[in-house]
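Since the structure comes first, as structure tokens, the remarks are kept for the end.
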Amino acid sequence: MRKQHISKEEVEHVAWLAHIELTEEEKTLFTEQFNRILDFFRKIDEVNTDNVPPTHHVLDLVNVFREDEVGETLPNDSVLINAPKKEGRFFKSPRIV
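Numbering follows the numbering used here, with no gaps: position 34 of the sequence shown is 35.
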């Protein structure tokens with residue numbers, strides 16, 4: 002049997018924090034699953050990455066922007082037609098403090 006790194010008590014604590022009720026079977030199942038996940042991370046930690054440059058982004062893209070272009074705007078009447086509240090040519094929203 003492999004060394005257990007997440008205890009059933011820790012699973013119970015996380016469930017309590019998340020306001021989730023778990024059966025004893027679920028606690029056992031999740032404890033096993035969490036420990037398998039941690040085992041996978043331990044395997045990944047063993048990989049030699051000394052010659053691998055750090056990767057901050059998957060794609061080598063830097064500041065991909067487009068120029069602003071002035072275009073036609075929608076008429077005020079068609080924009081405001083479905084507005085629940087409006088005042089003049091503006092949307093009206095509740096005050097947010």
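Each residue gets a CB set at the ideal place from its N, CA and C atoms; glycine is no exception.
Bear in mind that the values here come from a model prediction, so they are computed numbers and not experimental data.
- Lys28 is not bridged by DSSP to any residue.
- Excluding sequence positions up to five before and after His6, its CB lies within less than 7 Å of the CB of Asn36, Leu39, all in the same chain and listed in chain order.
- Bridge partners of Lys87 according to DSSP: Phe92.
- When only Cα atoms are considered, Phe92 and Ser79 end up about 12 Å apart.
- Secondary structure at Leu23: coil, using DSSP grouped into helix, strand and coil.
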